[in-house]
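Below: one structure, written as structure tokens.
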Amino acid sequence: MDDQLLAKLTACETLPSLPAVAVEIVQLCRSEDVELKTIGKVLEKDPALAAKLLKVANSALFSRSGKTTTIANAVLRLGLNAVVTLALSFSLVKIRKSPKSGFDYPRFWKRALISATAARCLAARVSLNREELFLAGLMQDIGMLALCEALGAPYAKVAAKAQGDHAALILAEQESFGADHMAVGEWMARRWNFPDYVAQAILASHDPVVAGSDTQNRPLICECVALSGHVADIWMASSPGDQARVAARLAKRWVGLDAPTFSEFLQEVTSEIPELASLLELPAVDGNALSLVIEQAREALVMISLKNVAMANEACSAAQSAELEKKEAASQRDTLTGLASRAYLETRASQMFDQARSTGTPLTVLLASLDASIARGLGAQPLDLLLKDIATVLERCMPSQAVAGRHDKLVFALLLPGTPGSAARSFADRLFMRIAEMRVWLDDGRYFRPTISVGHASAFEGWQPASLDVLMRAAQGCLVVAQRSGPNRASGYRHDPGRVPAHQ
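Under our numbering, think of the first position of the sequence shown as -12, with each following residue one higher.
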């Protein structure tokens, strides 16, 4: 805070002050073992304040059953937190000055009342203490009263120029006086020895980030008090619908209220304002005006809800599409190796076969199998690891347009569009070389090198198989020939009517 401003505030003899009873209550509450009966005895020193608390204890907002006639019973009924915060609230609203400076006190207290009511209603929705939030909401702009008393007409002029726009007022205060009413309000709360949560909530009443950028650690009460001010502005603004949209957006961001819930919350605030105004002995707010404003606000919120529903439907459709795509992609992949599943492999093979036949370009099917003698010597886990490694080698060696997949437990299939038989044999040789570089380690520290067998058949380069099944059986026959010939052998199909596939 600016030093000159602090000096003026400190020297101001008419600065808002708490009654002696309120000061004593604050001091008592600094003690951790304060008793309700002690608070009750202090309240009895101020008959007017005690009468107000009795009125509250018997009101529809606070009464649970029966009527209480003593301050002791009222204290028991309300509880320590409620008594303290309500007593301080009553003390605050007694700070009402004459309009000698030109400051709009009725407007100030109207906003304070609605803010406090909104904060109190919000408390139940976020599991915070109602009366604590009520007090913090009521006090959030107390710095404006202090600035008005310390600076007089110059401050009233700045406040009037802002025309009720608190964002504009804050900038004008900082520019003109070196501090805003939130900083002054925090100073006031600490000067009065109010609880820390009140001072912190006042300082953050227009921007919760002031209380900390980490939303996980920032007190929720700061968001609630800040939101209560924006809610109050719905009734204070010239365009309630626009302000309702702003408040609804912040309600969603800060405390997680969606538009329909926020609309219900506004109705609750509207219904409680008259009774709280009566309890605090503040000027009554015109019920028709309250209803008119809330109707405009609710119309704006309905539009938000409709927009959110449309967006939610779009998001749901997108999410469903993404989920379907995810499931489809998962069904296309072999869970162990990550290569194409057999079902997807068959689908792609059928598509490639039809395309190759229509264009007259070659299509080669290559089957590569880990030799059975190798598989028999391994346990389940080492075998799975070896198959995954072989799959990786296949992916690295195959052309970009090829598709590799798991054909059987030990057999991999490659679909090679545009690849003639001669190129398939060269590809098999590369596979042998890469597989020979692999090592499979045993538990005793020894290792061996795995071996594979390859069979391949090419269509539409002099041979026109009647179907994909014929092409696949030709490749499978060649694989059997290769397996019988020993490790790391390849066999390719040569079309010759009446002859079986021959070993190359």
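Where is the CB? At the ideal position from N, CA and C, for every residue including glycine.
Residue i versus residue j: straight-line alpha-carbon distance, rounded
i	j	result
Ala61	Lys24	11 Å
Ile377	Pro195	57 Å
Ala492	Gly243	Here the chain comprises residues numbered -12 to 491, so residue 492 is not present and cannot be evaluated.
Glu312	Met223	Below a pLDDT of 50, predicted positions are generally treated as unreliable, and Glu312, at 45, falls in that range; no measurement from the model is reported.
Glu333	Asp430	38 Å
Glu162	Trp174	19 Å
Leu418	Leu381	7 Å
Thr379	Ala453	33 Å
Asp395	Ser114	59 Å
Arg481	Ala444	8 Å
Glu424	Asp416	13 Å
Ser497	Ala191	The structure shown does not extend to residue 497, since the chain is modelled only from -12 through 491, so no value can be given for it.
Lys(-5)	Leu138	8 Å
Gly228	Leu253	13 Å
Leu357	Thr324	14 Å
Trp241	Leu(-8)	33 Å
Ala246	Val233	11 Å
Met459	Gln470	17 Å
Leu48	Glu262	8 Å
Ala35	Ala264	17 Å
Tyr142	Thr56	44 Å
Gln463	Ser360	19 Å
Ala461	Gly449	15 Å
Trp179	Tyr92	22 Å
Thr1	Gln127	20 Å
Ala317	Arg117	For Ala317, the predicted structure reports a pLDDT of 49, less than 50, and the residue's modelled location is therefore unreliable. The matter cannot be settled from this model.
Ala188	Gln319	56 Å
Ser4	Val10	9 Å
DSSP beta-bridge partners of residue i
i	result
Pro404	Leu350
Asp124	The residue you asked about is not Asp; residue 124 is Gly in the sequence shown. None; Gly124 has no bridge partner.
Ser356	Val398 and Ser440
Ala327	Arg320 and Gly392
For residue i, the first and last residue of its enclosing beta strand (DSSP E)
i	result
Ala391	Val390 to Arg393
His217	First-last for His217: Leu207 to Met223, but that is the alpha helix (DSSP H), not the beta strand (DSSP E).
Ser445	Ile439 to Ala446
Ala477	Arg476 to Gly479
Helix, strand or coil at residue i according to DSSP, with G and I counted as helix
i	result
Arg426	coil
Arg383	helix
Phe77	helix
Gln307	With a pLDDT of only 48 at Gln307, under 50, the local geometry of the prediction cannot be trusted, and the value read off the model is given with reservation. The answer is helix: DSSP assigns Gln307 an H, G or I state.
Tyr434	strand
Ala234	helix
Ser4	coil
Ser46	coil
Phe95	helix
Gly364	coil
Lys54	coil
Gly66	coil
Pro34	helix
Ala111	helix
His193	coil
His168	helix
Trp450	coil
Ser472	coil
Leu269	coil
Phe419	helix
Phe340	helix
Lys313	Residue confidence for Lys313 is low, a pLDDT of 46 falling below 50, so the modelled location carries little weight and cannot support an answer.
Gly130	helix
Short CB-CB distance (under 8 Å) between residue i and chain C
i	result
Ser445	Here chain C cannot be found, since the structure has a single protein chain.
Short Cβ contact (8 Å threshold) for residue i with residue j
i	j	result
Val8	Asp33	yes
Cys108	Glu259	yes
Pro349	Phe447	yes
Ile439	Ala355	yes
Ala99	Leu125	yes
Ile12	Leu40	no
Gly216	His168	no
Ala166	Met(-12)	yes
Asp456	Arg393	no
Ala533	Val398	Any question about residue 533 goes unanswered here, given that the chain covers just -12 to 491.
Ala477	Arg412	yes
Ile26	Val80	no
The alpha helix (DSSP H) enclosing residue i, as first and last residue numbers
i	result
Gly27	Leu23 to Leu30
Pro182	No alpha helix (DSSP H) contains Pro182, which DSSP labels as neither H nor E.
Ser265	Ala246 to Leu266
Gln161	His153 to Phe164
Pro141	Ala140 to Ala149
Thr(-3)	Asp(-10) to Ala(-2)
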